[in-house]
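Chains A and B, in that order, give the protein sequences.
According to the numbering used here, the first sequence is numbered sequentially starting from 31.
According to the numbering used here, the second sequence is numbered sequentially starting from -16.
In this text, a Cβ means the ideal position worked out from N, Cα and C, and glycines have one as well.
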Amino acid sequence: MTTYGRGLRGLTLATITTNTLALALVFFYAPLDADQGFVQKIFYIHVPLAIVSLCGFIAGGLFAIGHLRSGDRRWDMRAYVAIHMALIFGIAALITGSIWAKASWGHWWVWSEPTLVSYLIVVLMYATYQPLRFSIEDPERQARYASVFAIVAGAFVPLNFIAVRLAQQYVHPRVLTLTGGHLPGSMRFTFLASLAGIALLFVTLWKYEMTAKDMRMQLRRARRQLLGDDAVRPLGRSAAPS
Amino acid sequence: MLALADLALAVVGTLVSAIAVQTRARDLIGPVIGLPLLIPALIATARAAGPLLEAHTSGSPPGKWVAILALYDLVFALLAYAVFDFLLED
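Have a look at this one:
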């Protein structure tokens, strides 16, 4: 039996300190952008959220590979929680991105911009993950089909990303490139700090939810042993793995 | 190029319908999953076919979009081959 609670306190403290430090850097250390001013600071939240959510989707696909290879239901639970968290992060990235677009471009949403639309496609596709789970009754089949979906969609994420990178029209700013871009050092450091903060936040939330689900399962098992099978009500049909 | 587009439609369509046929809302789940998965293929096909339909053209489809389409086909064909056993095993 795995215990997800181990190391949770240290991880939580690390997340809180990193995020506080990153926010302090964003507001007090990073210089104001020359032509965008204060609005540009939302990038220190928006871009890490988008990156972390895409990585979370891919991680969900990798966990799902683990499930199909081993047949162990815990991998399915890990994939489910990763995708569920990444979806929340993705919606947060869409909202922060819209706020920035309204301030900078004057529109909440621009349909001719490949980056926005492709990201929306990815988020909407993962929004079908839970309806898909919910509409399959047999839990074992539910887990297997959800894993197949998570793998296919996880492969789709980088492909989509490559296709967008190759498309020409750039309105969406690209400051983070492999060659280092043209970020000044202090902005770059702040950005990396907030990226680390958001990534740690993702891992911590994932661990918390895994701990909670694991504890609930152990509790049900213990009650069933102590009180007999009739004392524990069966779970209703749900999208979550059990 | 159109053969590549056909292949993409066939591979993704088969995979998605194999997932959807076992669900309760099968008529809804199929298109809802399939459409986002197919959008890159459709965009690449449209972009690659566009220059062929213009009046004054050099006559060859742009290689970049054909390459994207081929990559898409390759990845999804391999994936579908890998995961299909899990969908049919009962």
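Delimiting residues of the alpha helix (DSSP H) encompassing residue i
i	result
residue 37 of chain B	Here residue 37 of chain B belongs to no alpha helix (DSSP H), and DSSP marks it neither H nor E.
residue 144 of chain A	144 to 157
residue 141 of chain A	Careful: residue 141 of chain A lies outside any alpha helix (DSSP H) and carries neither H nor E.
residue 57 of chain A	Segment: none, residue 57 of chain A is in no alpha helix (DSSP H) and carries neither H nor E.
residue 102 of chain A	No alpha helix (DSSP H) contains residue 102 of chain A, which DSSP labels as neither H nor E.
Residue i vs residue j beta-carbon contact at 9 Å
i	j	result
residue 35 of chain A	residue 241 of chain A	yes
residue 56 of chain A	residue 224 of chain A	yes
residue 148 of chain A	residue 123 of chain A	no
residue 31 of chain B	residue 57 of chain B	no
Rounded distance between the beta-carbons of residue j and residue i, thought under 8 Å
i	j	result
residue 166 of chain A	residue 172 of chain A	4 Å
residue 69 of chain B	residue 92 of chain A	So it is not a contact: roughly 16 Å between Cβ atoms.
Cutoff 9 Å: residue i Cβ touching any chain A Cβ
i	result
residue 23 of chain B	yes
residue -10 of chain B	no
residue 70 of chain B	yes
residue 34 of chain B	no
residue 15 of chain B	yes
residue 49 of chain B	no
residue 8 of chain B	yes
residue 27 of chain B	yes
Under the three-state DSSP convention, the category residue i falls into
i	result
residue 37 of chain A	coil
residue 136 of chain A	coil
residue 258 of chain A	coil
residue 67 of chain A	strand
residue 235 of chain A	helix
residue 210 of chain A	Reliability fails at residue 210 of chain A, whose pLDDT of 48 lies under 50, so the model's placement of it is uncertain and no value is given.
residue -6 of chain B	helix
residue 5 of chain B	coil
residue 189 of chain A	helix
residue 174 of chain A	helix
residue 225 of chain A	helix
residue 168 of chain A	coil
residue 96 of chain A	helix
residue 201 of chain A	Any reading at residue 201 of chain A needs caution, since the residue's pLDDT is 48, under 50, leaving its predicted position unreliable; the model's value is listed next. Looking at residue 201 of chain A - three-state DSSP - the assignment turns out to be coil, as it is neither helix nor strand.
residue 240 of chain A	helix
residue -16 of chain B	coil
residue 62 of chain A	coil
Cβ of residue i within 9 Å of any chain B Cβ
i	result
residue 110 of chain A	no
residue 178 of chain A	yes
residue 103 of chain A	no
residue 271 of chain A	no
residue 169 of chain A	no
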